[in-house]
């Protein structure tokens with residue numbers, strides 16, 4: 001039995017969690033001893049397995065997992081777990097690698113079926129069998145999933161006000177027109193008069209750079225908006241809205257192993273206000289530049305000599321809404337047909353954003369709250385850059401409070 005990675009809240013004894021007929025090959029979240037668990041049968045008609053409810057990698061709820069070859073496979077990155085909680089496979093490490101010890105899930109002391117009910121004993125108990133069920137037997141309440149111990153960056157983080165954010169592309173705002181946009185839980189009205197763009201309520205600043213209207217609610221901290229001129233042919237995609245939190249979305253886009261293939265470990269260089277990364281997966285050489293909070297420029301060189309790039313700008317609208325602005329470019333002298341094919345490829349990729357599994361309302365910034373492997377270097381760099389931005393923004397606020405005192 002795998003050892004628990006979380007302290008016991010003190011629940012002891014046997015707890016009825018679900019009717020036996022309700023537990024099959026699809027994980028079901030239940031509660032026992034004031035703790036959440038998932039229960040599932042890893043073989044058709046087999047015994048019930050109970051495990052802790054989140055994958056330790058990216059805290060993805062295991063209710064989205066599936067049963068594969070007698071193991072529970074996380075929907076996030078394919079980590080697999082046996083009935084005792086042991087992690088047996090981490091695809092990003094390779095087929096023969098040994099998962100890190102912290103990759104294991106926790107399991108209760110015992111799981112039994114009796115009288116048509118599934119019972120869980122989270123801790124060792126004097127009674128080796130659950131009690132007999134009665135007509136009054138009901139399932140225990142299902143607690144919420146535990147929150148990470150450290151800070152979590154959401155789409156409503158106040159510190160994000162101290163940064164430039166994309167809110168529209170230039171062609172969305174004609175002269176004499178206006179546009180309502182959402183940013184950090186507030187509605188802003190953009191207007192263009194005689195070529196100049198203004199916003200209300202009045203932000204710290206609004207400007208146009210690289211075909212994008214940017215808004216900074218408060219004094220920005222860190223780097224200014226970088227100027228970027230595409231080479232060859234380029235096209236802006238229609239803005240796309242997703243429920244995936246902004247930081248979790250960028251973390252997923254940065255994953256060099258998203259979509260499978262041979263494991264890749266990128267090279268990462270931290271820089272003021274962001275970072276860069278490089279890797280070669282045999283089919284392409286990839287470089288990325290990231291500016292905090294949510295700006296990504298990705299360049300790919302394919303084996304046939306094609307060079308293409310993607311500018312991805314993420315706008316945190318609300319706690320449950322993120323808007324994505326994307327511009328694709330094909331370098332050199334591509335035809336319109338080649339550009340259209342690239343636009344179609346990126347649109348299909350972005351269409352998967354709503355299906356990206358994530359662990360909650362935001363991105364945990366404390367590395368210890370998740371289990372990272374070498375392939376996660378870009379994700380760790382993103383957490384580092386966002387944590388630095390939060391610290392810098394709070395320093396500005398503290399300085400303003402002192403000045404106003």
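In the UniProt record's numbering, the protein residues as written are 1 to 405. C-beta atoms are modelled at their ideal positions from N, C-alpha and C, and glycine is treated no differently. These numbers were taken from a predicted model, which means no experiment stands behind them.
Problem - Per-residue burial, residue 10 [other beta carbons within 10 Å of its own, 16 or more giving buried] - result: Any reading at residue 10 needs caution, since the residue's pLDDT is 49, under 50, leaving its predicted position unreliable; the model's value is listed next. Residue 10 comes out exposed.
Exercise for the section: Kindly indicate the opening and closing residues of the alpha helix (DSSP H) around residue 342. Expected result: 336-351
Problem - Pick from 303, 237, 380 and 386 that is closest to residue 349, judged by C-alpha positions - result: 237
Problem - Test item: CB-CB of residue 365 and residue 153 under 7 angstroms - result: yes
Problem - C-beta atoms of residue 389 and residue 252 nearer than 7 angstroms - result: no
Handout entry: Selected residue, minimal CA-CA separation from residue 175, among 197, 167 and 155
Key = 197
Handout entry: Chain-order list of residues whose beta-carbon lies under 7 angstroms from that of residue 334 (same chain, five-residue window excluded)
Key = 232 and 233
Practice task
Quickly, what does DSSP pair residue 77 with across the bridge? List them, please.
Solution key: DSSP output for residue 77 lists no bridge partner at all.
Practice task
Verify whether the separation of the beta carbon atoms of residue 447 and residue 89 is less than 7 angstroms.
Solution key: Since the displayed the chain opens at 1 and closes at 405, residue 447 lies outside it and no answer follows.
Handout entry: Proximity winner among 177, 188, 382 and 64, relative to residue 195 (alpha-carbon distances)
Key = 177
Practice task
Determine the direct distance from the alpha carbon of residue 106 to that of residue 50, and round the result to whole angstroms.
Solution key: 9 angstroms
Problem - alpha helix (DSSP H) segment containing residue 110, residue limits - result: First-last for residue 110: 110-114, but that is the beta strand (DSSP E), not the alpha helix (DSSP H).
Practice task
Return the CA-CA distance between residue 327 and residue 241, expressed in angstroms with no decimal places.
Solution key: 15 angstroms
Exercise for the section: Grab me the residues of residue 392's own chain with a C-beta within less than 6 angstroms of its C-beta, minus the 5 sequence neighbours each way, in chain order. Expected result: 221
Practice task
Mind checking who residue 285 pairs with in its DSSP beta bridge?
Solution key: 280 and 301
Exercise for the section: Return the chain-ordered list of same chain residues with a C-beta closer than 6 angstroms to the C-beta of residue 410, the five sequence neighbours on each side being excluded. Expected result: As shown, the chain starts at 1 and ends at 405. That puts residue 410 outside it, with no answer to give.
Problem - Cβ-based burial, residue 270 [other Cβ within 10 Å; buried from 16] - result: exposed
Practice task
Report, in whole angstroms, the separation of the C-beta atoms of residue 103 and residue 257, which I expect to be a contact under 8 angstroms.
Solution key: With a Cβ gap of about 16 angstroms, residue 103 and residue 257 do not count as contacting.
Handout entry: First and last residue of the uninterrupted beta strand (DSSP E) at residue 209
Key = 205-209
Exercise for the section: Tell whether a beta-carbon distance below 7 angstroms holds between residue 248 and residue 77. Expected result: no
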